[in-house]
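Enquirer:
This is how it looks when you write it as structure tokens:
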């Protein structure tokens, strides 16, 4: 089956949108890698998922490319270095916003690592608790079995005592002989 052309519009279903994002992100990063290898360019891509998680790709590294981009002198449309003060102010604001976003990205990545570690710890603790629960259930079953056995032994002892008492108190009638 060949590929079919799809209409480019927002995918309405959240799950489908997330799957589409993941597949397209992988393809985008692959194409960016090919471009960097084939043309020898430095490239950086930062995208945010529908769930607002950041993803990035960079060659050689996102931070290196962004730092180089931020330190670059802007060029005017006629090819002469420099720009007007309003353009410079706008560029400074954009650079500041980008720096803030990069800072937020690093913070989110650090928080994500901490949360992953915490999740692993809780997962380990949960597994330990599950093992303890299983041992407790097994112990409970053993105790119940022992109690049942003790009740059986106690019943048997009572029956034995009753039989002995019965035998002692009940002497069978002997038939008398006729003389």
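In the UniProt record's numbering, the protein residues as written are 1 to 179.
Just so it is clear, CB atoms sit at the ideal spot from N, CA and C, and this is done for glycine as well.
No experiment lies behind these values; they were computed from the predicted model shown.
How long is the line joining the alpha carbons of residue 252 and residue 92, rounded to whole angstroms?
Expert: This structure gives no information on residue 252, because the portion of the chain shown stretches from 1 to 179.
Enquirer: Based on Cα-Cα distance, which residue from 130, 31, 162, 21 lies nearest to residue 43?
Expert: Taking the chain shown and counting its residues from 1, the one referred to as residue 43 is at position 43. Ranking 130, 31, 162, 21 by Cα distance to residue 43 puts 31 first.
Enquirer: If you reduce the DSSP assignment to three classes, tell me which class residue 114 lands in.
Expert: If you number the chain shown from 1, residue 114 lands on position 114. Correct three-state label for residue 114: helix.
Enquirer: Taking 8 angstroms as the threshold (C-beta atoms), are residue 66 and residue 98 in contact?
Expert: In the chain shown, residue 98 corresponds to position 98, counting from 1. In the chain shown, residue 66 corresponds to position 66, counting from 1. Yes. Within cutoff.
Enquirer: Could you tell me the alpha carbon to alpha carbon distance between residue 41 and residue 61, rounded to whole angstroms?
Expert: Residue numbering aside, residue 41 sits at position 41 when the chain shown is read from its first letter. Residue numbering aside, residue 61 sits at position 61 when the chain shown is read from its first letter. Answer to the nearest angstrom: the Cα atoms are 12 angstroms apart.
Enquirer: Would you mind sorting residue 218 into buried or exposed? The rule is 16 or more other CB atoms within 10 Å of its CB.
Expert: This structure gives no information on residue 218, because the portion of the chain shown stretches from 1 to 179.
Enquirer: Determine the DSSP secondary structure at residue 56, reduced to helix, strand or coil.
Expert: Stepping through the chain shown from its first residue, residue 56 is reached at position 56. Correct three-state label for residue 56: strand.
Enquirer: I'd like to know if the region 99 to 111 and the region 130 to 148 are in contact, where contact means that at least 3 CB-CB pairs between them fall below 8 angstroms.
Expert: Segments in contact, no.
Enquirer: Classify residue 137 as helix, strand or coil using the three-state DSSP reduction.
Expert: Counting from 1 along the chain shown, the entry for residue 137 is found at position 137. Residue 137 falls in the helix class under three-state DSSP.
Enquirer: Tell me which residue opens and which closes the beta strand (DSSP E) that residue 46 is part of.
Expert: As a working mapping, residue 46 is identified with position 46 in the chain shown. First-last of the beta strand (DSSP E) with residue 46: 43 to 48.
Enquirer: Which of the three DSSP states, helix, strand or coil, is assigned to residue 6?
Expert: Translated into the one-based positions of the chain shown, residue 6 becomes position 6. DSSP places residue 6 in the coil class of the three-state scheme, outside both helix and strand.
Enquirer: From 128, 169, 17, pick the residue whose C-alpha is nearest to that of residue 52; which is it?
Expert: As a working note, residue 52 is residue 52 in the chain shown. Checking every option, the nearest Cα to that of residue 52 belongs to 17.
Enquirer: Grouping DSSP H, G and I as helix and E and B as strand, with all else coil, what is residue 72?
Expert: Taking the first residue of the chain shown as 1, we reach residue 72 at position 72. Of the three classes helix, strand and coil, the one that applies to residue 72 here is coil, per DSSP.
Enquirer: So which of 45, 117, 63 has the shortest CA-CA distance to residue 55?
Expert: Counted from its first residue, the chain shown places residue 55 at position 55. Considering only alpha carbons, the answer is 45.
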